[in-house]
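This report refers to the structure that appears directly beneath it.
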Amino acid sequence: MTIRAFLTSALMTAAVCAQPAFAAPVTARQVDQDFGRLSQEGLRAFADVDVARRAIIGKDQKIATDALADANQTLTRATQDNRQFLKAENELHPAAAVPAGHPGKLPSATAAADPVLWLPVLGQYVISSEEKQSPGQQQAITEANDLLKKGKAKAAAEGLEKAGVDVQFVLAIAPQQAFTADVYRASVLLEGGKTDEAVAALTEAQESLRFVSEDNVLGTATKKSTSSQPAPQNPEQ
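So this is what it looks like as structure tokens:
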């Protein structure tokens, strides 16, 4: 399987999770606004990380190497993304829960107050109430999330409206400096034949995600990093 096929598979994966209140029907315009908050470079890099980790475990060195090379290049481009924003973790507004099947956690109110540069890398709609959802509604939101990953906002909104699904939008954000460092470290470790350590580094990258409500990224995001260190370069292939 090619790296492109692996990436397509990863980007198509969506989890459905029950969430409490603050949900409402969505329009195509709202869908565009919600997914416009995502960094496309961040989304691609996150998919690369998932591909690379699974490929290393599956002993497919070429797929893993290609995915990590793409992730490093993509994260370098992401440093110019205006969807980044600077905020201390203890100031983030947590989502109601971490969507089932996803790595990461909710932001901690007791985390350090130091500002962190966050990159929105993943987003999805979740159903407002597990008790009220029908199999048809669950299928509708799964299909909507898949359509959104293809950029088909209108079709996604129409499907949700037809099924009568009330949803809320959840964002997964990555601490860009730490996430980028973990991915680069995994590249170096893989190149040196240290596959177990490379998997551990990628796991750390995935688990660094924080799930937040969409109001964390309203307005213009800052692009200034908290570190003056240059972005790491890709390892030689």
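Taking mature numbering (1 follows the signal peptide of the UniProt record, and there is no 0), I'd label the letters of the sequence shown as residues -23 to -1, 1 to 214. We put the CB at the ideal spot given by N, CA and C, even for glycine.
Item                                                                                                                                                                 : Value
At which residues does the beta strand (DSSP E) containing Gly100 begin and terminate?                                                                               : Pro92 to Ile104
Can you tell which of Ala29, Ala55, Ala74 and Ala88 has its C-alpha closest to the C-alpha of Gln153?                                                                : Ala55
For Phe(-2), I'd like the list of residues in its chain whose CB is within less than 6 Å of its CB, leaving aside the five on either flank, ordered along the chain. : Legend: pLDDT at Phe(-2) = 39, less than 50; position of this residue unreliable, no value from coordinates given.
When we look at the beta-carbon of Asn59 and count the other beta-carbons within 10 Å, is it buried (16 or more) or exposed?                                         : exposed
In this structure, what does DSSP give as the bridge partners for Pro152?                                                                                            : Trp95
On the three-state DSSP scale, how would you describe Ala65?                                                                                                         : strand
Can you give me the C-alpha to C-alpha distance between Arg31 and Ala41, rounded to a whole angstrom?                                                                : 8 Å
What are the residues that DSSP puts in a beta bridge with Pro71?                                                                                                    : Val189
In this structure, how does DSSP classify Ala(-1) when only helix, strand and coil are distinguished?                                                                : Here the model assigns Ala(-1) a pLDDT of 47, short of 50, so the residue's position is not dependable, and the following value carries that caveat. Here Ala(-1) sits in coil by DSSP.
Just to confirm, is the Cβ distance from Pro97 to Ala65 under 9 Å?                                                                                                   : no
When you compare each of Ser190, Thr157, Thr4 and Asp11 to Phe23 by their alpha carbons, which one comes out closest?                                                : Thr157
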